[in-house]
Every structure is written in C-alpha cells, then in structure tokens.
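Those protein sequences? They're chains E and L, same order as listed. Here the first sequence is numbered in this note's numbering, starting from 1308 and rising by one per residue. Here the second sequence is numbered in this note's numbering, starting from 1308 and rising by one per residue. Worksheet: the structure to be examined is printed underneath.
Protein chains: 2
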Amino acid sequence: MNKHRFNELERAGVYKAIAERRDMRHFLPDPVDAKILHKLLQAAHRAGSVGLMQPWHFIRITEKKLRNDIYQMVEQERRKTAKALAEREDEFMKLKVEGILECAELLVVALPDKREQHIFGRRTLPEMDLASAACAIQNMWLAARAEGLGMGWVSLFEPKVLADLLKMPKGSRPIAILCLGHVDEFYPQPMLEMENWTKARPLDEFVSENEW
Amino acid sequence: MNKHRFNELERAGVYKAIAERRDMRHFLPDPVDAKILHKLLQAAHRAGSVGLMQPWHFIRITEKKLRNDIYQMVEQERRKTAKALAEREDEFMKLKVEGILECAELLVVALPDKREQHIFGRRTLPEMDLASAACAIQNMWLAARAEGLGMGWVSLFEPKVLADLLKMPKGSRPIAILCLGHVDEFYPQPMLEMENWTKARPLDEFVSENEW
C-alpha cells in the first residue's frame, strides 16, 4: 500500500461508478439541477488531453425545436443504419437506441476547429484529439452515475448535418449527442446484452503478453 | 436528490479521482501488485463501447529488450516531433514526455482488426471505436489514481512500427503506450502547465447554448 492510495470508501466509489455506469436510453422527465450539470461539465473538463489542447466544446440544447430537429436527424440515421445491417434490420429497429426527446438535458460534444495547430502527441496519431475528448465524456459519465443520473452517448448522426444545424465553425466535428437525466432504474447489465443483441466477452480474451 | 445517488464519500472518491488524475511521466521502481493490475484492466474492460464491440486489446510488456525497443522508437518520434514544432524545438526537447524505462508496468493498447464488421453507431462515425477504447483507458487511469498509482499515456510513436514490433494482426492499430507505476508525488497540476509549455483555459470558454 502507498500514501497516495484513496481510503476504502473513496476507492469503492470509483469502482462502483465504473461498474454501474450504463449507456442509458430511458429517462424520467425530472429536471437536472443546474449546479449538478455544472459539476458534470467541470468533471469532463478536468480530463487530461494530448499536449493539453483541451479539444472539446459542449453545446447545451435548450430550444425545443432544435431538440426535435436533432431527433429527426438521428431517426434518419437510425433507418440508414438498420438498412446497412441487412439481415438484422428488423431486430435493430426494435432496439431503443436513444432518449433524445425524453432526457432532461441534451448536449452535443464537438472537436474544435484549428486542431491542426496542435502537433504535440499528434504528429503520427492525429486522432488523439478524439481520444482526449472521449476521456472527458467518460469523466462526465462516471460523475453522472455518482450523482444518480443516467447518460447515453448517441453516435447515430451525420456529423456534417449536425455541424450545420448548430452553426459549428469549419474544421470542427461533432462526436457525441449526450442524453442526460434522471432514470427510473440503471440497466443491471448493458442494454444490448439484455436485448440479446450481442454478448460481452470476458477480459482474458483481450489481454496478451509481449505480442498480440 | 434521488435513490440512485452515491453516498457522500463514494461521490467524493469519484470527483477526487477525476481531479487528481495526472498524465504521469515520473515513476518509482517499486512493482505493481498483480491483483491491482488485474483490477485496473478489469476497470478498463468495464467501459461501455459502441454497439458493445469492445474494441480494445491490452499487451503487457514484460521483456526487457522489447521495452527498450519501444523506448528507442518513442525517442525517435520525440525528435521528429521536436523538429516539427520548429521554433519550440529546444523547449520541447527539455520536457519529460514519457517514463517508459522507469515505470513498473508497460502496456500497449490497440484497436483490434476486423472493426469494419461493426456498423452499429459507426456508419457515419467509424472513429467511435477509438472513442470507446479511450473511455476504457480513462477508467483505468481513474482506478489507478484511486489505488495511488500513476499512469501516463504516450502517443509519440509510429503506429505501423509498433504494430510490427508486437506482431499485431493487419487491421489492428496501437493507440497508446501506457506507463503505470508507483510515483513519489502526483503533479499538483498538469505537468505541461508546471513546465510553462501551455496554460489550460477555463470551462466557460468551452460551453455554449444551442449553437457554437
């Protein structure tokens, strides 16, 4: 043991958030406290980032019409994805894949423009900006779970259409539609497992030593 | 307040891990307990993933020669990055950007091959596999902090060279060299700020409403 280790309850909190975080698609209509929303955005913003470039931007959607436009856009992509899945089309169409109209808070996360100026850690891996932004979203997801709030990451959209809808600058790129809000229950396991879409495989299939 | 909210100490643990996690480059030689390493990998593996595809693979490096080869490869990229930074070359060369030879555990994380089979949530945003893998790494980073262990994400490498070195299948792609281990102190703020490389900007510059 070492002096930097958290105490037992704090550690339990971290592991519990990791274990019980779910990609949520079912929400209750109750509003999210503004202070809590700010804490969650702050948690996201505390993520590390490649070369400290902080490659993220959060757009809170409060206009009802805009939320509906986003919903329609996602619905279009949902149908296109279903078609692309061919023999699983019907099965996919039965899944609930987003909670855009029901969730209390809707946020869009985007990579900013002018990312090409950042070379540190990105000369050979330019996609590290997305990796950093995903770390920020994971922070937010875990903090939301600790607050008892559910969050879902929707990636069923045409980035160019969403960028235009939200007047994003050229060079920026939306990466997530986040549905956030109170929930009746957190899924006891990933919803895609509960719905028999697929089965998660155990850790030992993903670890090797010294070579693949 | 709601019934799903964690208790105060558990919540404090989550926020503390988020606030005190650092991208570490300075390590102590003490070994990492095998059980703790397994817990950290399990924490990573508990991340959600687009369509539940679990797009990650962890390679633990235990051969000394291999670790040294990885170090040399990163050292080459460090010099190339420095050149690419032009007028900041000297300043960059003075930064400590990795702890590959000092850390107790060295891991490489890669996206797997055959990712093109996964269409769910990736038809228009194929890069969501990387986003999921980054969420897994963030889980591991936070769990490591809770255990009092430091972790650093090194992205200064040529993915093709590293893939060959570790005999990765065609179509897979390494995204991170993770340095993990005990540390003397966690940096009180991001090291790139302490070294005056750059300054983090506050959250309010990254949030807007209904449009960019």
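Where is the CB? At the ideal position from N, CA and C, for every residue including glycine. Because the structure is a prediction, the values reported are computed rather than measured.
For residue i, go through chain E and note every residue whose CB falls closer than 7 Å to its CB, in chain order.
i: residue 1438 of chain L; result: 1437, 1441, 1482
i: residue 1377 of chain L; result: In chain order: nothing, as chain E lies at least about 11 Å away.
i: residue 1466 of chain L; result: 1431, 1432
i: residue 1463 of chain L; result: 1428
In chain L, which residues lie less than 8 Å from residue i when you measure between Cβ atoms?
i: residue 1411 of chain E; result: Neighbours of residue 1411 of chain E on chain L: none; closest Cβ ~12 Å, over 8 Å.
i: residue 1381 of chain E; result: Here the premise fails: no neighbours, minimum Cβ distance about 11 Å.
i: residue 1330 of chain E; result: 1355
i: residue 1361 of chain E; result: 1507, 1508, 1513
Assuming residue i is part of the beta strand (DSSP E), what are its boundary residues?
i: residue 1386 of chain E; result: Residue 1386 of chain E -> not in any beta strand (DSSP E); alpha helix (DSSP H) instead, spanning 1371 to 1391.
i: residue 1365 of chain E; result: 1364 to 1368
i: residue 1480 of chain L; result: 1480 to 1489
i: residue 1461 of chain L; result: 1456 to 1461
i: residue 1520 of chain L; result: Absent from the structure is residue 1520 of chain L, since the part of chain L shown begins at 1308 and ends at 1519.
i: residue 1413 of chain L; result: 1412 to 1418
i: residue 1515 of chain L; result: 1514 to 1516
Over what stretch of residues does the alpha helix (DSSP H) that includes residue i continue unbroken?
i: residue 1345 of chain L; result: 1341 to 1352
i: residue 1318 of chain L; result: 1315 to 1327
i: residue 1443 of chain L; result: 1435 to 1453
i: residue 1396 of chain E; result: 1396 to 1401
i: residue 1500 of chain L; result: 1498 to 1501
Name the chain E residues whose beta carbon is nearer than 9 Å to that of residue i?
i: residue 1475 of chain L; result: 1518, 1519
i: residue 1488 of chain L; result: Within chain E, no residue comes near residue 1488 of chain L; the closest Cβ sits about 11 Å away, beyond 9 Å.
i: residue 1387 of chain L; result: 1430, 1431
i: residue 1373 of chain L; result: 1517, 1518
For residue i, count neighbouring C-beta atoms within 10 Å of its own C-beta (all shown protein chains included) and say buried if the count is 16 or more, exposed if not.
i: residue 1508 of chain E; result: exposed
i: residue 1309 of chain L; result: exposed
i: residue 1326 of chain E; result: exposed
i: residue 1453 of chain E; result: buried
i: residue 1350 of chain E; result: buried
i: residue 1495 of chain L; result: exposed
i: residue 1355 of chain L; result: buried
i: residue 1352 of chain L; result: buried
i: residue 1436 of chain L; result: buried
i: residue 1478 of chain L; result: exposed
i: residue 1481 of chain L; result: buried
i: residue 1394 of chain E; result: exposed
i: residue 1498 of chain E; result: buried
i: residue 1419 of chain E; result: buried
i: residue 1370 of chain E; result: exposed
i: residue 1338 of chain E; result: exposed
i: residue 1476 of chain E; result: exposed
i: residue 1341 of chain L; result: exposed
Taking residue i as the query, report the chain L residues whose CB atoms sit under 7 Å from its CB, ordered along the chain.
i: residue 1321 of chain E; result: 1320, 1321, 1324, 1449, 1450, 1453
i: residue 1316 of chain E; result: 1316, 1317, 1320
Can you list the residues of chain E that residue i reaches, using a CB-CB cut of under 8 Å?
i: residue 1445 of chain L; result: 1354, 1441, 1442, 1445, 1446
Could you name the residues of chain L that residue i contacts, counting a contact when the two beta carbons are closer than 9 Å?
i: residue 1333 of chain E; result: Chain L residues near residue 1333 of chain E: none, gap ~13 Å exceeds 9 Å.
Any beta-carbon of chain A closer than 9 Å to the one on residue i?
i: residue 1326 of chain E; result: Although the question refers to chain A, the structure presented lacks it and instead comprises the protein chains E and L.
Residues of the region 1341 to 1352 of chain L with Cβ closer than 7 Å to any Cβ of chain E, in chain order: Flagged, chain order: 1348, 1349, 1350, 1352.
Stretch pair the region 1352 to 1366 of chain E + the region 1511 to 1518 of chain L: three plus CB contacts closer than 8 Å: The region 1352 to 1366 of chain E, when compared against the region 1511 to 1518 of chain L, does touch it at the 8 Å Cβ threshold.
Cβ contact (3+ pairs, closer than 8 Å) linking the region 1448 to 1461 of chain L and the region 1323 to 1342 of chain L: yes
Contact the region 1309 to 1324 of chain L vs the region 1381 to 1397 of chain L: 3+ CB pairs below 8 Å: no
Interface positions of the region 1390 to 1422 of chain L facing chain E (Cβ-Cβ less than 7 Å), listed along the chain: 1391, 1392
Near-chain L residues of the region 1493 to 1504 of chain E - C-beta to any C-beta below 8 Å: Identification of residues in the region 1493 to 1504 of chain E having a C-beta nearer than 8 Å to some C-beta of chain L yields 1493, 1497, 1499, 1500, 1504, given in sequence order.
Segment contact, 8 Å Cβ cut-off, at least three pairs: the region 1371 to 1378 of chain E with the region 1396 to 1415 of chain E: yes
Meets three-Cβ-pair contact criterion under 8 Å: the region 1436 to 1453 of chain E and the region 1428 to 1447 of chain L: yes
Cβ pair count under 8 Å reaching 3, the region 1459 to 1471 of chain L against the region 1424 to 1431 of chain E: yes
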